[in-house]
Every structure is written in C-alpha cells, then in structure tokens.
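Chemist: Here it is, the structure in full.
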Amino acid sequence: MNVKSILVTGGTGSFGKRFITRLIQTYPDVKRIVVFSRDELKQYEMSLEFPSDEYPQIRFFIGDVRDKSRLLYALEGIDTVIHAAALKQVPAAEYNPFEAIKTNVLGAQNLIEACIEKGVKHVVALSTDKAAAPINLYGATKLCSDKLFIAANLYKGNHDIKFSVVRYGNVMGSRGSVIPFFQKHKEKGFLPITHPNMTRFNITLDEGVDLVFYAMENMWGGEIFVPKIPSYKILDVAEAVAPGIETRIVGIRPGEKLHEEMITETDALSTLEFKKYFVILPSFKPKWEISEFINHFKGKYCKEGFQYNSGKNSEWLSVEDLKQMIKNLK
C-alpha cells in the first residue's frame with residue numbers, strides 16, 4: 000500500500016500515539032501525518048514527544064468530528080484516514096447519551112461524507128467488542144458507526160475509496176482501562192470488583208496497531224476485521240496487579256456486561272475464519288466476489304452456532320501471563 004498522507008482522528012489518545020510511532024517506522028516515506036483531535040493540551044503534550052525538527056511530517060490539527068467543515072479542511076490532500084475518535088466511557092455515555100451520539104454516530108457520518116468529498120482512498124474505523132449485541136449506549140453508537148462505515152461502500156459512487164472496520168477488545172494498559180485503575184486503587188488496601196465471574200477480551204496496543212496495518216494493506220471494502228485474542232478473568236487481573244489484596248464486590252456498573260462478545264451467533268452466519276482473525280462480511284452483497292475473497296485469503300465460513308464470547312474463549316491469560324504483560328507495560 001502506498002501511503003503518502005494520513006490523518007488520524009483522536010490521534011492524541013493511547014492508540015493514536017502508538018500508531019503514529021509505528022507508522023513512521025513502517026512507512027518512512029509518508030509525507031504528512033495529521034493528528035486530528037479536540038484537546039489542545041494533549042496536542043501540546045504530544046508535540047513535545049514528537050518535536051517538529053525531528054518529525055516535520057507530523058501536523059497537529061485541532062478539530063472535532065462533530066464539525067464537518069473542519070474535517071473538510073483537515074482532509075485536504077489526505078489519502079488514508081484512521082478513525083479512532085470516540086466517546087468511550089460506558090457510564091459517561093449512559094448518563095450523557097446524546098453527547099455520545101453526536102460524536103460516535105453523527106461524527107462518523109461527517110467523516111464519511113468529508114472523506115468522499117475530498118478524495119480519500121482508504122478509511123479504517125476502530126470499533127469495539129461492545130458493538131456486538133450492545134446493551135449500553137456506547138456499544139449501540141459504535142454498532143451504528145460500524146454500519147455507517149460499511150454502508151458507505153454502497154453510496155461512494157464513482158469515487159475510488161474503501162471503508163472497513165476493525166473490532167477488538169480491551170486494550171491492555173490504555174487510559175481508563177482496568178489495569179491502571181487497579182494500580183492506582185491498590186494503595187487503598189483493596190480492589191473494587193464489579194462481579195467475580197466477569198471476563199474480558201484482551202489485546203495489547205501493538206496488536207491493535209498490527210490489526211489496523213493489516214486492514215490498511217488488505218481491505219477490499221466493507222469488512223469488519225476481528226482478531227483472535229485471549230480472554231482474562233477480572234479476579235486474575237486483580238491477583239496479577241496486587242497479589243493477595245482484598246477484593247470487594249461493588250456490582251456491575253450501568254450498561255456493563257458480564258462477558259463481552261465480538262461475534263454474535265447471528266453474525267457468525269456471515270463470518271469467515273482465517274488463521275489469526277475473523278472477517279464479518281457486510282449484510283449486503285459487496286462490490287467484490289466473496290468466493291474470490293475466501294480463495295485469496297484462504298478462509299472458511301464459521302460453523303453454524305459459533306459465537307466469539309470472552310467467557311467461552313478457547314484461549315486464556317493466566318495470572319503469570321498477566322504479570323509479565325503488566326511488567327512489559329512499564
């Protein structure tokens with residue numbers, strides 16, 4: 000893939016910073032990298048990590064995906080977009096639902112329209128396991144966002160542009176995730192546990208970046224890429240962070256699931272399995288032949304009744320695995 004100019008929405012977040020670091024290493028010929036986000040303080044702090052004399056290709060662009068006119072300015076001359084901007088906190092979205100809709104749904108549509116208008120070639124949108132059979136507002140907005148990006152392949156007209164989505168679970172060590180929360184809270188002498196049987200999918204930041212790079216290089220337009228990743232038990236995370244510490248059950252938070260899904264039993268009917276990932280096909284007939292896609296990537300349809308659920312996963316992280324991964328985070 001020939002990437003010359005790329006824009007990352009939400010580019011100052013955990014994913015954005017790691018992605019841009021890896022992007023410079025992987026695509027040294029990239030002429031322009033636009034970091035698009037709405038927090039000027041985070042942009043300033045990131046600019047200290049990427050000083051202009053060392054990274055002249057990086058530009059910082061303050062803007063909000065809610066503002067289409069600003070997106071149109073930012074997308075001038077851009078050929079690739081990675082969409083990472085979102086309101087992600089489940090409880091915050093429950094209590095401020097329309098704010099999440101403005102960013103996650105209306106913002107997604109703004110970006111789609113702006114990308115088509117400005118001649119962008121490739122768009123990869125980041126999703127979440129919470130978008131599969133959502134029970135909370137955040138998950139519902141991300142499911143809607145996924146549908147918008149996939150459907151954009153239908154009405155792009157004669158524009159040479161592809162839209163695809165990557166969906167994965169909790170990113171280990173990212174801002175707002177359970178490990179930094181436990182590390183901060185253990186000073187109080189106990190860890191709050193929502194439910195003793197809770198499980199989650201786990202992916203490292205670099206694995207998330209790898210999946211996005213894979214989608215950039217291999218997208219046909221309309222796919223949802225889902226990686227094969229392990230699960231963990233919340234009590235094992237507590238033991239890995241603070242061995243022997245007291246745990247207190249505080250109850251599941253508003254909109255929270257006991258186990259997460261990335262592929263529902265219904266989704267599985269239109270899901271292909273490959274060596275390291277799954278691909279959920281669009282509900283409509285894509286503009287390419289599915290049989291050619293299967294043959295090209297050497298995949299197969301999932302069995303009827305298949306479900307990719309964090310509580311029924313075949314791969315698990317042990318306490319020792321988690322300890323080592325936490326150590327590597329530092």
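Residue numbers (numbering that gives the first Met the number 0): 0 to 329.
Even for Gly, the Cβ is constructed at its ideal location relative to N, Cα and C.
Let me know the beta strand (DSSP E) ranges lying completely inside the segment 92 to 166, each 3 residues or longer, listed in chain order.
Modeler: Complete beta strand (DSSP E) runs here, min 3: 121 to 125, 161 to 165.
Chemist: With a Cβ-Cβ cutoff of 8 Å, do A113 and L70 count as a contact?
Modeler: Here A113 is near L70, since their CB atoms are less than 8 Å apart.
Chemist: Could you name the residues of the same chain whose beta carbon sits closer than 6 Å to that of R174, not counting the 5 residues immediately before and after it, in chain order?
Modeler: S13
Chemist: Taking contact to mean 3 or more Cβ pairs, one atom from each stretch, closer than 8 Å, check whether the segment 67 to 83 and the segment 118 to 125 are in contact.
Modeler: yes
Chemist: May I have the straight-line CA-CA distance separating K311 from A131, to the nearest angstrom?
Modeler: 15 Å
Chemist: Below 6 Å CB to CB, which residues in the same chain sit around G172 once its five sequence neighbours on both sides are set aside?
Modeler: Hits under 6 Å: I178, L328.
Chemist: Helix, strand or coil for Y54, going by three-state DSSP, please let me know.
Modeler: coil
Chemist: F224: buried (16+ other C-beta within 10 angstroms of its C-beta) or exposed?
Modeler: buried
Chemist: Near K161, which residues of its chain fall below 6 Å by C-beta distance, leaving aside the five closest residues on each side in sequence?
Modeler: H121, M218, G220
Chemist: Report back the beta-carbon spacing between Y300 and L271 to the nearest angstrom; my notes put them in contact at under 8 Å.
Modeler: 6 Å
Chemist: Ordered along the chain, which non-local residues of its own chain (more than five positions away) have a Cβ less than 6 Å from that of R17?
Modeler: L204, V208
Chemist: Could you check which residue in Y167, S144, V240 has the C-alpha nearest to that of K326?
Modeler: V240
Chemist: Which residue from E222, G188, P226, N196 puts its Cα closest to that of G168?
Modeler: P226
Chemist: Exposed or buried, what is D111 when buried is set at 16 or more other beta-carbons lying within 10 Å of its beta-carbon?
Modeler: In the sequence as displayed, the identity of residue 111 is Ile instead of Asp. Around the beta carbon of I111, a 10 Å sphere encloses 16 or more other beta carbons of the protein chains shown; the residue is thus reported as buried.
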